[in-house]
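Chains as they are written, first to last, in our numbering: chain A, 1 to 364; chain B, 365 to 728.
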């Protein structure tokens, strides 16, 4: 079947582009002796995780215990839950996973550490811990300095936890090349302060984990990192493109959609709305709108309802007609993928197979 | 189990509030002799659809063939697919449903009508059709007038389709009471023009379907309607509240969430982000942010990442601490529900049962 014969809306991934994206990141990490621990939140698919491992990933990153369960259940291992997981049931499930898998969790408070230790002890499991510091985003993580060392030392005294190192998420490294360069400098300083605090106390730090897709290829400019955790790079999206972090041809995922109405003058309605694309806005670049129509680049998607995409046809040279099938590169592929139970794998325009988005809905 | 003992994030619905919302709408429709054909896109749950029917709904509305399949599979009937469905596989599935169920589809083009007729004929099924006109939103639907009658007459000549009447979606009736009143006047005019065009050709119109939650209780002010299709009213949300269309106490659905980090000064991080709440902004009212924290109304959720809600604690009288469990009324409950595989039914603070969001992911 050709991609445009799929029943719509449908999420597709170009297998060759995916492969190229996976290889490029793996090569970069290898050439800079950086570990690659990709964040699977973007794809949520064990088959893609397996490709990442085949290309040399040292492990995987997830945000949720349920995502870790899916990956472990599919035979994957060395999982970092890069999230300060809090709650007795989730800690119990984490400890159960740690009985048979190498598990890491990031956290930034004694409260989470103590509760996690207690759950791990209950099951005689050992869970590795990364202490999170704030690299400038202002989301999670302690300020690098003595407080960070204090928390690490407390973790060392807790049963069933093992302090393995440090983590940060440099999510503020975004936007233009200049803006990203400025923020990289800030991350360099934060990482150095964090490492210095541990050096001063002569505490060895095995892992220093950072990374994101927009900052990934600048990671070698941050001394001391042992690994990075990019996620979006597998598929890329318009936000990645408009930050100059990929080309349009590197965007592997597209939503295939059908024109369902042209009754209102000057517009066309697609069967892809916010429940198909997500309502995440375009955060970077000169354009606005809710995704890039590959076959009609002069026809912006100006508004979304749940199941309707509003296309402004007033400047488009060719009018869309009811029944036309087009494909959209989403603004934010992570939240878009999260809307789909499956993704259709396309190679040279032909649908080759289907992957289930197995970790979708695993929100706990 | 108490609601705050749920593993988080978790979507809950208060059974008593739900019941009251269902009853209020049913009573309104009955007292004005309006049919109620609730849009199930908000809840996507056969159990809730059954309650709606028990309270007197004449049928149900869905947006997707897959949603219709879920509802029919659960024993429900009289389904309007209020969407100009386009695509051979979906038409085939619709025709298959129509063999054993009373199915209606709305459309606004010959292209959709002809393709649908051909699929229905193939299976010797009959599908009812509502012709859609634009009541002022500018999304789908022809301008009320002779073109609308033309399409209806073409449908009457097509095999396996049965023209049943007219549909519009007055989605622009929103915002302040004044704004809504002004737009209701416009809808009145559009409905009257549509009906007049059919009267002139002496074509009987059995169904005139309109309605939305913000406009629902003004539906009796629009002469000629036979039924309305509100969806959001089952749960309500902050957008409904800020339009004055419900009280905060009428908001039945809440996302239960845990504070996972307070490491960054002035803030707190919740384990509910855009993959739990959806990133739909608040569209009405004086406030901004991504949901109302019931237990900390002075602490706005100022930003979402996929799995993080950023709470601004700077004006909150009581600080949130790691491990605290709070509940959020979402901005837009329809897209929020769409993030969850199940909803926990709470009565007087105790979790009573779980409903599966069975039509979630049925995007085709």
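All C-beta atoms, glycine included, are put in the ideal place defined by N, C-alpha and C.
Inter-residue spacing [alpha-carbon to alpha-carbon] between residue 353 of chain A and residue 404 of chain B: Computed Cα separation, rounded: 32 Å.
Span separating the alpha-carbon of residue 359 of chain A from that of residue 70 of chain A: Distance between the alpha carbons of residue 359 of chain A and residue 70 of chain A is about 6 Å.
Cβ shell of residue 225 of chain A (< 8 Å), same chain only, five flanking positions each side left out: Close CB contacts of residue 225 of chain A within its chain, under the 8 Å cut and outside five residues either way in sequence, are with 34, 191, 208, 209, 210, 211, 219 (chain order).
Test: residue 154 of chain A CB closer than 8 Å to a CB of chain B: No, its Cβ sits nowhere closer than 8 Å to a Cβ of chain B.
Residue nearest to residue 299 of chain A in terms of C-alpha spacing, selected from A:308, A:107, A:307, A:289: Ranking A:308, A:107, A:307, A:289 by Cα distance to residue 299 of chain A puts A:289 first.
Simplified DSSP state of residue 640 of chain B, which is helix, strand or coil: Looking at residue 640 of chain B - three-state DSSP - the assignment turns out to be helix.
Beta-carbon gap between residue 329 of chain A and residue 291 of chain A smaller than 8 Å: Contact annotation: residue 329 of chain A and residue 291 of chain A have beta-carbon atoms nearer than 8 Å.
Within-8 Å CB hit, residue 274 of chain A to chain B: True, the Cβ-Cβ gap to chain B drops below 8 Å.
At least three beta-carbon pairs within less than 8 Å, the segment 2-20 of chain A to the segment 181-191 of chain A: Not touching, per the Cβ criterion.
Residue 380 of chain B beta carbon near the ligand NAP (any heavy atom closer than 7 Å): By its list of ligands, the structure shown contains no ligand whatsoever, and the ligand NAP lies outside what it can speak to.
Interfacial residues, the segment 102-118 of chain A to chain B, with Cβ spacing under 7 Å: If the cut-off is 7 Å between Cβ atoms, the segment 102-118 of chain A has 108, 109, 111, 112 near chain B.
Residues that DSSP places opposite residue 342 of chain A in a beta bridge: Beta-bridge pairing links residue 342 of chain A to A:356.
DSSP state of residue 472 of chain B mapped onto helix, strand, coil: It is coil, neither helix nor strand.
Near-chain E residues of the segment 668-688 of chain B (beta-carbon distance less than 8 Å), N- to C-terminal order: Protein chains in the displayed structure are A and B, and chain E is not among them.
Under 9 Å by beta carbon: chain B residues contacting residue 335 of chain A: Chain B residues near residue 335 of chain A: 638, 639, 642, 643, 670.
The segment 2-13 of chain A: positions lying closer than 8 Å to chain B by Cβ: Within the segment 2-13 of chain A, the residues whose Cβ lies closer than 8 Å to any Cβ of chain B are, in chain order, 7, 8, 9, 10.
Selection of the segment 605-628 of chain B by Cβ proximity to chain A, strictly under 8 Å: Taking a C-beta cut-off of 8 Å against chain A, the contacting residues of the segment 605-628 of chain B are 622, 623, 624, 625, 626, 627, 628, listed in chain order.
Stretch-stretch touch, CB-based, cutoff 8 Å, three pairs: the segment 126-139 of chain A with the segment 164-173 of chain A: Judged by Cβ distances under 8 Å, the segment 126-139 of chain A makes contact with the segment 164-173 of chain A, as three or more pairs qualify.
First through last residue of the alpha helix (DSSP H) which encompasses residue 395 of chain B: Here the alpha helix (DSSP H) through residue 395 of chain B covers 379-395.
Simplified DSSP state of residue 337 of chain A, which is helix, strand or coil: It is helical.
Residue 336 of chain A versus residue 505 of chain B: straight-line alpha-carbon distance, rounded: Near 28 Å, if we compare the C-alpha coordinates of residue 505 of chain B and residue 336 of chain A.
Status (buried if at least 16 other CB within 10 Å, exposed otherwise) for residue 37 of chain A: That one is buried.
Exposure of residue 307 of chain A, with buried meaning 16 or more beta-carbon neighbours within 10 Å: So residue 307 of chain A counts as buried.
Identity of the residues DSSP links to residue 526 of chain B by a beta bridge: For residue 526 of chain B, DSSP records a beta bridge to B:492.
Within chain B, partners of residue 89 of chain A - CB distance below 7 Å: Near residue 89 of chain A (Cβ distances below 7 Å), the residues of chain B are 371.
Chain B contact for residue 145 of chain A (CB, 8 Å cutoff): Residue 145 of chain A is outside the set of residues whose beta carbon lies under 8 Å from a beta carbon in chain B.
Boundaries of the alpha helix (DSSP H) in which residue 434 of chain B is found, first to last residue: Start and end: 429-437.
Presumed contact (8 Å Cβ cut-off) between residue 523 of chain B and residue 485 of chain B, rounded CB distance: Correct: roughly 5 Å between the Cβ atoms.
Whole-angstrom distance between residue 309 of chain A and residue 540 of chain B, CA atom to CA atom: Spanning the alpha carbons of residue 540 of chain B and residue 309 of chain A requires a straight line of approximately 25 Å.
Candidates A:88, A:346, A:361, of which the one nearest residue 253 of chain A by Cα: Across the set A:88, A:346, A:361, the C-alpha of A:346 shows the shortest separation from the C-alpha of residue 253 of chain A.
Cβ of residue 408 of chain B within 8 Å of any chain A Cβ: Closer than 8 Å: no.
Cα-Cα separation between residue 249 of chain A and residue 111 of chain A, rounded to whole angstroms: Distance between the alpha carbons of residue 249 of chain A and residue 111 of chain A is about 46 Å.
Per DSSP, cross-strand counterpart(s) of residue 463 of chain B: The partner list for residue 463 of chain B (beta bridge, DSSP) is empty, contrary to what the question assumes.
C-alpha gap between residue 637 of chain B and residue 86 of chain A, whole angstroms: Rounded to whole angstroms, residue 637 of chain B to residue 86 of chain A spans 15 Å at the Cα level.
Buried or exposed by the 16-neighbour rule on C-beta atoms within 10 Å, applied to residue 322 of chain A: Around the C-beta of residue 322 of chain A, 16 or more other C-beta atoms lie within 10 Å, and the residue is accordingly described as buried.
As assigned by DSSP and simplified to three states, the class of residue 406 of chain B: DSSP places residue 406 of chain B outside both helix and strand once states are collapsed to three, so it counts as coil.
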